[in-house]
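Input: a single structure, listed below in structure tokens.
In this note's numbering, the protein residues as written are 1238 to 1471.
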């Protein structure tokens, strides 16, 4: 059975791939990409490997800030497992620590790290996770609104939900956001909110015998949604 080629990017001068050659031979579709030159580290990250092990000392402070921005705003980079490799002399910024999936302190076994990489590679793809939606507005931050919820319908570019109650059969709201998973609780940092009514469903409702009162309520609701979103985005 053929497998899709997977790449484990390791940005650390001390890595010795030869030590794990026998493990890799058992997984011929998995390869290491070793980067020891700090000036090339960001290029390799942006190329989109499947798992990243990063020694923060290989990145300048400026590159750490850039990586933080990429990780928080990129549809694809936010889905790549990222692990930090540190020792007692490594200074890790709080931002970098927050965007990482884990941290390993030297001395450690490279074989153990390879186990973690294989687990990440074998896990279901984290992109385009889709579930039913249920969340509540918790408050706001300087960056935008903060929502918390469970059973979210996530598509890396937005969250979509339909209100299906009696008076809003055709309300469709789209939120564009950054997602943070805090121990199984999703926090959504909303970047953009759009709302629209599916007018063709209003026509369907007319065909199904709903009267003018329903149509009037639907149009009234559209105005309410527009007013609400205008206030949110102001």
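All C-beta atoms, glycine included, are put in the ideal place defined by N, C-alpha and C.
Shortest alpha-carbon distance to residue i belongs to which of the options?
i            : options                   : result
residue 1265 : 1272, 1283 and 1245       : 1245
residue 1274 : 1257, 1296, 1357 and 1318 : 1296
residue 1302 : 1337, 1332, 1358 and 1278 : 1332
residue 1358 : 1286, 1308 and 1252       : 1286
residue 1249 : 1356, 1343, 1349 and 1355 : 1343
residue 1304 : 1283, 1323 and 1322       : 1283
residue 1276 : 1251, 1298, 1288 and 1257 : 1298
residue 1334 : 1320, 1345 and 1288       : 1320
For residue i, name the three-state secondary structure that DSSP assigns.
i            : result
residue 1296 : coil
residue 1317 : coil
residue 1323 : strand
residue 1264 : coil
residue 1243 : strand
residue 1248 : strand
residue 1302 : helix
residue 1284 : coil
Would you mind reading off the limits of the beta strand (DSSP E) that contains residue i?
i            : result
residue 1288 : 1288-1291
residue 1355 : Not the beta strand (DSSP E): residue 1355 falls in the alpha helix (DSSP H), residues 1347-1359.
residue 1252 : Looking at the DSSP string, residue 1252 is not in any beta strand (DSSP E), and its letter there is neither H nor E.
residue 1339 : 1339-1342
If you follow the alpha helix (DSSP H) that residue i is part of, which residue opens it and which one closes it?
i            : result
residue 1273 : Per DSSP, residue 1273 belongs to no alpha helix (DSSP H) and is neither H nor E.
residue 1333 : 1331-1336
Nearest-angstrom Cα distance between residue i and residue j?
i            : j            : result
residue 1261 : residue 1353 : 14 Å
residue 1269 : residue 1351 : 10 Å
residue 1338 : residue 1317 : 9 Å
residue 1259 : residue 1279 : 29 Å
residue 1336 : residue 1263 : 31 Å
residue 1271 : residue 1341 : 17 Å
residue 1416 : residue 1288 : In this prediction, residue 1416 has a pLDDT of 45, which is less than 50 and means its spatial position is unreliable; nothing more can be read from the coordinates.
residue 1267 : residue 1308 : 24 Å
residue 1300 : residue 1306 : 10 Å
residue 1242 : residue 1356 : 15 Å
residue 1345 : residue 1257 : 14 Å
residue 1347 : residue 1323 : 13 Å
residue 1252 : residue 1281 : 16 Å
Under 8 Å, Cβ to Cβ, is there at least one residue of chain C near residue i?
i            : result
residue 1323 : In the displayed structure, chain C is absent; only one protein chain is listed.
- Any chance the region 1324-1338 sits against the region 1285-1293, with 3 or more Cβ pairs inside 8 Å? yes
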